[in-house]
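Asks: Letter by letter, the sequence shown follows residues 0 to 224 in numbering that gives the first Met the number 0. Glycine is no exception: its CB is placed at the ideal position from the N, C-alpha and C atoms.
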Amino acid sequence: MIKLENVTKFYNKYKALDRVSLHIKPGEFVSLVGQSGTGKTTIVKSLIGEERIHSGKVIVGGWDITNIRYREVPYLRRQIGVIFQDFKLLPKKTLYENVAFAMQVCGVSPKRIKTIVPHVMKIVGLDKKMHRYPYEVSGGEQQRTAIARSLVHRPKIILADEPTGNLDSINANDIIDLLLRINKFGTTVVLVTHNREVVNKLKRRVIVLDNGLVISDEEIGKYVL
Numbered sequence: 000m001i002k003l004e005n006v007t008k009f010y011n012k013y014k015a016l017d018r019v020s021l022h023i024k025p026g027e028f029v030s031l032v033g034q035s036g037t038g039k040t041t042i043v044k045s046l047i048g049e050e051r052i053h054s055g056k057v058i059v060g061g062w063d064i065t066n067i068r069y070r071e072v073p074y075l076r077r078q079i080g081v082i083f084q085d086f087k088l089l090p091k092k093t094l095y096e097n098v099a100f101a102m103q104v105c106g107v108s109p110k111r112i113k114t115i116v117p118h119v120m121k122i123v124g125l126d127k128k129m130h131r132y133p134y135e136v137s138g139g140e141q142q143r144t145a146i147a148r149s150l151v152h153r154p155k156i157i158l159a160d161e162p163t164g165n166l167d168s169i170n171a172n173d174i175i176d177l178l179l180r181i182n183k184f185g186t187t188v189v190l191v192t193h194n195r196e197v198v199n200k201l202k203r204r205v206i207v208l209d210n211g212l213v214i215s216d217e218e219i220g221k222y223v224l
């Protein structure tokens, strides 16, 4: 599903990734962990075509995206749902409109939008609040909206980049439970985080990065750095 083969990435003279190789299989739930600046977000950006690597190979769903053309990036991102720490919701649109907008920009018909959006809002438990605005709901509910938005194209992969970073422990646990439920549908989930407590409760595969290197990769891992 996801393969990085000897991936190296520089920012000027700083080496963000140093010959990183990893393989994430379809349907896995994997935590990608490490302190800030260890290369986690660089991997995410490489997987969604936002950053170009300097050497190596990046493969997503059998598609070699190492030298992906800019016009192909939107097609790639329909295969990958991305969730960020800061929600990235439009404040003047309702929760429903925020999710619908992700479909509108891709030219999806209004009829299909009216079918899909209520369905994904129900999956994340917001079917009764979908006509509220972001400022009218909690941070956890805003993140659930972001997750609903990531699901509208039925992606094969969810990349969750620090999805609990702005949440208290109760809301953070709720978001992780939701990601686990999505994973049960067969969606591959990559959780990018530095939250030890969250990772160690999961008892799933853990890949640890440090200084741009993979220093540990365990099937049932712990984050102990």
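Which partner residues of TYR134 appear in the DSSP bridge assignment?
Replies: DSSP lists no partner for TYR134.
Asks: Assuming GLU27 is part of the beta strand (DSSP E), what are its boundary residues?
Replies: Careful: GLU27 lies outside any beta strand (DSSP E) and carries neither H nor E.
Asks: Whose C-alpha, out of ASN11, LYS8, VAL188, is nearest the C-alpha of GLN78?
Replies: It is VAL188.
Asks: Work out the CA separation of LYS221 and ILE169 for me, nearest whole Å.
Replies: Those two C-alpha atoms are separated by around 21 Å.
Asks: For VAL213, which residues from the same chain have a beta carbon less than 8 Å from its beta carbon, with the 5 sequence-adjacent residues on both sides left out?
Replies: Hits under 8 Å: VAL19, SER20, LEU21, ILE206, VAL207.
Asks: Please list, in chain order, all residues of the same chain as ILE156 whose beta carbon is under 6 Å from its beta carbon, the five residues on each side excluded.
Replies: The residues are ILE79, THR187.
Asks: Express the C-alpha separation of HIS118 and ILE175 in angstroms, rounding to a whole number.
Replies: Using only the alpha carbons, I get a separation of about 20 Å.
Asks: Could you tell me the boundaries of the beta strand (DSSP E) in which VAL107 lies?
Replies: First-last for VAL107: undefined, no H or E at that position.
Asks: Tell me whether the beta-carbon of GLU196 lies closer than 8 Å to the beta-carbon of ARG204.
Replies: Cβ atoms of GLU196 and ARG204: not closer than 8 Å.
Asks: Just verifying my parser: in three-state terms, what is the DSSP assignment at LYS44?
Replies: Reduced to three states, the DSSP call for LYS44 is helix.
Asks: Rounded to whole angstroms, what is the Cα-Cα separation between SER149 and ALA159?
Replies: Taking the straight line joining both Cα atoms gives about 10 Å.
Asks: Tell me which same chain residues have a C-beta within less than 6 Å of the C-beta of ARG143, skipping the five on either side of it?
Replies: So the qualifying residues of the chain are VAL123, LEU125.
Asks: In whole angstroms, give me the CA-to-CA distance for LYS14 and ASN5.
Replies: Looking at the two C-alpha atoms, the distance is approximately 13 Å.
Asks: Near LYS44, what residues of its chain come up, given a Cβ to Cβ distance below 7 Å and the 5 sequence neighbours on each side ignored?
Replies: Closer than 7 Å at Cβ, skipping near neighbours: GLU50.
Asks: Closer than 8 Å by C-beta to GLY33: which residues in its own chain qualify, once you throw out the five before and the five after it? Chain order, please.
Replies: Cβ neighbours of GLY33 beyond the five flanking positions: LYS39, HIS193, VAL207, LEU208, ASP209, LEU224.
Asks: With DSSP run on the structure shown, which of helix, strand or coil describes VAL189?
Replies: Residue state, collapsed to three classes: strand.
Asks: Could you compute how far the alpha carbon of VAL191 sits from the alpha carbon of PHE184?
Replies: If I take the Cα positions, the gap works out to 20 Å.
Asks: If we call anything under 8 Å between Cβ atoms a contact, is VAL57 one with LEU46?
Replies: Contact: yes.
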